[in-house]
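As you go down the protein sequences, you meet chains V and Z in turn.
Just so you know, we're using this note's numbering here: the first sequence kicks off at 59 and counts up by one.
Just so you know, we're using this note's numbering here: the second sequence kicks off at 59 and counts up by one.
What follows is a set of notes on a single structure, which appears directly below.
2 protein chains.
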Amino acid sequence: MGLKSFVEVPADSHFPLENLPYGVFKPEPHSPPRPAVAVGNHVLDLSVIASAGLFDGPILKNSDCFNQPNLNKFLELGRPAWKEARATLQKLLSATKPTLRDSASLRSKALVPMDKAQMLLPIVIGDYSDFFSSMHHAKNCGTIFRGPENAINPNWFQLPIAYHGRASSIVISGTDIIRPRGQAHPTGNSPPYFGPSRRLDFELEMAAVVGPGNELGKPIDVNDAADHIFGLVLMNDWSARDIQAWEYVPLGPFLGKSFGTTVSPWIVTLDALEPFSCDAPIQNPPPLPYLAEKTSKNYDISLEVLIKPAGQEDSFVITRSNFKHLYWTITQQLAHHTINGCNLRSGDILGTGTISGPEPESFGCLLELTWNGQNPVSLGATTRRFLEDGDEVVFTGFCKGDGYNVGFGTCSGKILPAST
Amino acid sequence: MGLKSFVEVPADSHFPLENLPYGVFKPEPHSPPRPAVAVGNHVLDLSVIASAGLFDGPILKNSDCFNQPNLNKFLELGRPAWKEARATLQKLLSATKPTLRDSASLRSKALVPMDKAQMLLPIVIGDYSDFFSSMHHAKNCGTIFRGPENAINPNWFQLPIAYHGRASSIVISGTDIIRPRGQAHPTGNSPPYFGPSRRLDFELEMAAVVGPGNELGKPIDVNDAADHIFGLVLMNDWSARDIQAWEYVPLGPFLGKSFGTTVSPWIVTLDALEPFSCDAPIQNPPPLPYLAEKTSKNYDISLEVLIKPAGQEDSFVITRSNFKHLYWTITQQLAHHTINGCNLRSGDILGTGTISGPEPESFGCLLELTWNGQNPVSLGATTRRFLEDGDEVVFTGFCKGDGYNVGFGTCSGKILPAST
Ligand SMILES: [Ca+2]
Ligand SMILES: [Ca+2]
Ligand SMILES: [Mg+2]
Ligand SMILES: [Mg+2]
Ligand code: NI
Numbered sequence: 059m060g061l062k063s064f065v066e067v068p069a070d071s072h073f074p075l076e077n078l079p080y081g082v083f084k085p086e087p088h089s090p091p092r093p094a095v096a097v098g099n100h101v102l103d104l105s106v107i108a109s110a111g112l113f114d115g116p117i118l119k120n121s122d123c124f125n126q127p128n129l130n131k132f133l134e135l136g137r138p139a140w141k142e143a144r145a146t147l148q149k150l151l152s153a154t155k156p157t158l159r160d161s162a163s164l165r166s167k168a169l170v171p172m173d174k175a176q177m178l179l180p181i182v183i184g185d186y187s188d189f190f191s192s193m194h195h196a197k198n199c200g201t202i203f204r205g206p207e208n209a210i211n212p213n214w215f216q217l218p219i220a221y222h223g224r225a226s227s228i229v230i231s232g233t234d235i236i237r238p239r240g241q242a243h244p245t246g247n248s249p250p251y252f253g254p255s256r257r258l259d260f261e262l263e264m265a266a267v268v269g270p271g272n273e274l275g276k277p278i279d280v281n282d283a284a285d286h287i288f289g290l291v292l293m294n295d296w297s298a299r300d301i302q303a304w305e306y307v308p309l310g311p312f313l314g315k316s317f318g319t320t321v322s323p324w325i326v327t328l329d330a331l332e333p334f335s336c337d338a339p340i341q342n343p344p345p346l347p348y349l350a351e352k353t354s355k356n357y358d359i360s361l362e363v364l365i366k367p368a369g370q371e372d373s374f375v376i377t378r379s380n381f382k383h384l385y386w387t388i389t390q391q392l393a394h395h396t397i398n399g400c401n402l403r404s405g406d407i408l409g410t411g412t413i414s415g416p417e418p419e420s421f422g423c424l425l426e427l428t429w430n431g432q433n434p435v436s437l438g439a440t441t442r443r444f445l446e447d448g449d450e451v452v453f454t455g456f457c458k459g460d461g462y463n464v465g466f467g468t469c470s471g472k473i474l475p476a477s478t
Numbered sequence: 059m060g061l062k063s064f065v066e067v068p069a070d071s072h073f074p075l076e077n078l079p080y081g082v083f084k085p086e087p088h089s090p091p092r093p094a095v096a097v098g099n100h101v102l103d104l105s106v107i108a109s110a111g112l113f114d115g116p117i118l119k120n121s122d123c124f125n126q127p128n129l130n131k132f133l134e135l136g137r138p139a140w141k142e143a144r145a146t147l148q149k150l151l152s153a154t155k156p157t158l159r160d161s162a163s164l165r166s167k168a169l170v171p172m173d174k175a176q177m178l179l180p181i182v183i184g185d186y187s188d189f190f191s192s193m194h195h196a197k198n199c200g201t202i203f204r205g206p207e208n209a210i211n212p213n214w215f216q217l218p219i220a221y222h223g224r225a226s227s228i229v230i231s232g233t234d235i236i237r238p239r240g241q242a243h244p245t246g247n248s249p250p251y252f253g254p255s256r257r258l259d260f261e262l263e264m265a266a267v268v269g270p271g272n273e274l275g276k277p278i279d280v281n282d283a284a285d286h287i288f289g290l291v292l293m294n295d296w297s298a299r300d301i302q303a304w305e306y307v308p309l310g311p312f313l314g315k316s317f318g319t320t321v322s323p324w325i326v327t328l329d330a331l332e333p334f335s336c337d338a339p340i341q342n343p344p345p346l347p348y349l350a351e352k353t354s355k356n357y358d359i360s361l362e363v364l365i366k367p368a369g370q371e372d373s374f375v376i377t378r379s380n381f382k383h384l385y386w387t388i389t390q391q392l393a394h395h396t397i398n399g400c401n402l403r404s405g406d407i408l409g410t411g412t413i414s415g416p417e418p419e420s421f422g423c424l425l426e427l428t429w430n431g432q433n434p435v436s437l438g439a440t441t442r443r444f445l446e447d448g449d450e451v452v453f454t455g456f457c458k459g460d461g462y463n464v465g466f467g468t469c470s471g472k473i474l475p476a477s478t
């Protein structure tokens, strides 16, 4: 029925003691950023807990990893430190532990109501890579652009395809997204036009956050890869389809993506997700040995996208998908990423690619949901082919436990008109 | 005939007073990194000059930008600070200025023989983008892979094509490069194989180093773009052609590039390059207004690639090219990069793409020089289709002035066997 905390955790909360996701926040506009975990409707300030000497395990006792403006140092410490922190915090927050429960002064310093906390990007992201790991997404996009015969390229089934994304324009949930301007091309031999994107889309993704990295030239074995992944976030890889379609041959997406990518503030750890692990799909053809893992795991994470159309009060669910639909696992993604010797650094993120399920109601972007704008989706009284100015897109994701949820909160952004 | 310094500047030096390129070095293995300029066969330690109060102009007088382990803070200050530093240093190092010339103690602290200085990556590189701006390179690659009819995609003449590269694996000249392993595909329907790359190549490039960046959502006008570029470096975008060919459809190069990218240690400023500016090629079709610049400038920089084959003492020039062959200018690249609102940060780099000239002797990579391995190039008694273990590749680049050179030094790397 779930662990019991002295901090109130509403029944539908994403943040019970079983979760304890990590973020970075400011309690006041001018205070320095500090690490936190979420519990119920509160954030627990880890710099306060550390300063009070309450991280008393062997690894964290003398560490300054929670007196930092980001989580990178904690992430670098690896799974033993993460497990120690989790055990310490679950004990400290439990209903039966008096240390924090019975100290009004410590509580008032350490526990901040969530609506008073300004959440920030929790990590310094050195590099951001984006994969293409949902077969349904690959098939739909391929069918739309190349027809059903050549929908999926032969390389797709042999390796987790990915491209480098733009790190500088990754923003935290709640940041407005300005509609990008750029070049696009109608059809045939007409010259390209320039202007605000007419085919602005979201992409429902999650991203793995890298813990300890690797040295340049030293790949990470696929069976060790999980130890290099701290956790997951929700990610919206905003995409301007018209810009992307015109620019992407032969070097891949660039300005069609780099105007903004939104991540959720809370990193849910693999330890918290472990009870929700499930078998990944059987891969056929079987992967080459460097991608063959002893156990091939996905996670059962329900995902939902809502759009709150410009000028309306209501939000409308426009797709429901699940992380478990991914063909390539995050451990295969990470092992593949390093097989050439490429070095990962703590705080790097690996996007999964758009997570589409098999049914049309589970497609992960408007390109697929409207079949490239042909079939508008309805949002109450209105419809959408692509996103309009003022639309707010909200992702949520959670795992359903026995009497509790392990959730990600939301990942949202509103479209502002193009600058002139 | 050139400015005169009290520091000896050999006639063939790349580093007279007219140049003063910026780098970061360590005088001893355990000393902290500090900024420097190169002059003759010496490096001038700017942290010493700053601490002695010799940066006495209005902008730099009270700045700690030279008491930093990298140049990012100085780069952020923008062109007025760069011009002030250049004027101060040219005066301080001139033959007629006694301040440094006549102070043995200051000289011994500030001037370090170049062969005693360990050069480091001079900047923290948040994001690295790589363009595709040489028409000859685009045409050759297109002809090799798709045949002469469709050699250059229609989008190429409308926008400076680029992709995001990997920032983590950028290394300083002199760092060994481990041959990457990965998947490749022979031909037809046979399954892919896995192993050390059999088609390892260099790419002769230069890269622009970003000075002041821009806010997310606020593009930089093409006519202001030069103020956002501090200078240029030589860059070798090592490429595994077999890995690249198998993976790059549809999302572009990934593991075929991300195992290592080498940059030269000295950033030559646009101010030092200004005397060598020349007209960029006429663009036809004319670019869209956001890419149309009042003056469209290239620089006359002679580039040369030498290979020192494994086990040999001699090096062999295998190509000679020039920066002036670029079709898209670095200011167009930068303006295009931000037109969708993408934010640049100081220290970001923009690779030009392989700089191939019109003649076969000026092609910028082995893929082109050997026409995809068909025509081996000779290196004295031996030949090469692609790079072999032990080969060292050395780039040099310089501008020829009247009685002096403004040069980049070298950018080199040696291939080590794949790890097993
Ligand atoms: Ca994506
Ligand atoms: Ca390149
Ligand atoms: Mg994006
Ligand atoms: Mg490279
Ligand atoms: Ni990056």
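Think of the CB as a built atom: it goes at the ideal place given N, C-alpha and C, for glycine as much as any other residue.
What I want to know is whether the C-beta of residue i ends up closer than 7 Å to one or more non-hydrogen atoms of ligand 2.
i	result
V:G415	no
V:D114	no
Z:D188	yes
Z:D295	yes
Would you mind working out which of the options sits nearest residue i, comparing C-alpha positions?
i	options	result
V:S404	V:A196, V:F73, V:V363 and V:V267	V:V267
Z:E362	Z:F381, Z:Q370 and Z:L349	Z:F381
V:E261	V:V307, V:G314 and V:Q148	V:G314
V:L217	V:T396, V:A168, V:S161 and V:R442	V:T396
Z:R144	Z:F113, Z:L290 and Z:K276	Z:F113
V:N125	V:L290, V:N342 and V:P93	V:P93
Z:P90	Z:N128, Z:D122 and Z:V65	Z:N128
V:G415	V:E142, V:F215 and V:K197	V:K197
V:T146	V:V435, V:L135, V:K119 and V:G431	V:K119
Z:G369	Z:L392, Z:P277, Z:T440 and Z:H286	Z:T440
Z:L258	Z:C400, Z:R204, Z:G431 and Z:Y462	Z:G431
Z:K352	Z:Y221, Z:P138 and Z:D282	Z:D282
V:I183	V:L135, V:G455, V:L164 and V:A265	V:A265
Z:P171	Z:L445, Z:A96 and Z:S109	Z:A96
V:S71	V:K458, V:L104 and V:G205	V:K458
Might you give, ordered along the chain, the residues of its own chain that have their beta carbon closer than 8 Å to the beta carbon of residue i, omitting 5 neighbours on each side?
i	result
V:E419	T377 and R378
Z:F317	S227, I235, I236, P238, W296 and A298
Taking 7 Å as the cut-off, is the CB of residue i close to at least one heavy atom of ligand 1?
i	result
V:L320	The amino acid at residue 320 of chain V is misidentified as Leu; the sequence shows Thr. Checking every heavy atom of ligand 1 against the Cβ of V:T320, none is found closer than 7 Å.
V:G411	yes
V:E261	yes
Please work out which residues of its chain come closer than 6 Å, Cβ to Cβ, to residue i, disregarding the five sequence neighbours upstream and downstream, and give them in chain order.
i	result
V:L364	S373, V375 and V452
V:A476	R237, R239 and P254
V:V67	P74 and G98
Counting only the same chain and skipping the five closest in sequence on each side, list residues whose C-beta sits under 7 Å from that of residue i.
i	result
Z:A284	L328 and T389
Z:L169	V65, H100 and L102
V:H394	L217, P218 and L349
Z:T428	P434, V435 and R443
Can you find a C-beta in chain A that's less than 8 Å from the C-beta of residue i?
i	result
V:K155	Here the protein chains are V and Z, and chain A is not one of them.
- prompt: Is the region 241–255 of chain V close to the region 350–359 of chain V, with three or more CB pairs under 8 Å?
  reply: no
field: Contact list for the region 188–214 of chain V against chain Z, Cβ threshold 7 Å
entry: F190, N211 and N213
- prompt: Going along the chain, which residues of the region 283–298 of chain Z sit with their C-beta nearer than 8 Å to a C-beta in chain V?
  reply: A298
- prompt: Which residues, in order along the region 303–314 of chain V, keep a beta-carbon less than 9 Å from a beta-carbon of chain Z?
  reply: W304, E305, Y306, V307, P308, L309, G310, P311, F312, L313 and G314
Meets three-Cβ-pair contact criterion under 8 Å: the region 284–299 of chain V and the region 333–341 of chain V: no
- prompt: Does the region 311–327 of chain V come close enough to the region 462–474 of chain V to have 3 or more Cβ pairs within less than 8 Å?
  reply: yes
The region 92–109 of chain V touching the region 189–196 of chain V, judged by at least three CB pairs closer than 8 Å: no
task: Using a Cβ-Cβ cut-off of less than 8 Å, give me the residues of the region 389–404 of chain Z that come near chain V, in sequence order.
output: H394, H395, I397, N398, G399, C400, N401, L402 and R403
- prompt: Of all the residues that make up the region 231–263 of chain V, which are near chain Z by a beta-carbon distance shorter than 9 Å?
  reply: T233, D234, I235, I236, R237, P238, R239, G240, Q241, H243, N247, P249, P250, Y251, F252 and S255
query: Are three or more beta carbon pairs between the region 173–188 of chain Z and the region 77–86 of chain Z nearer than 8 Å?
result: yes
- prompt: Mind listing which residues of the region 344–358 of chain V have their C-beta closer than 7 Å to chain Z's C-betas, in chain order?
  reply: L346 and Y348
query: Just checking, does the region 269–288 of chain V make contact with the region 422–436 of chain V on the three C-beta pairs under 8 Å criterion?
result: no
query: When Cβ atoms are compared, which residues of the region 369–388 of chain Z fall closer than 7 Å to chain V?
result: none
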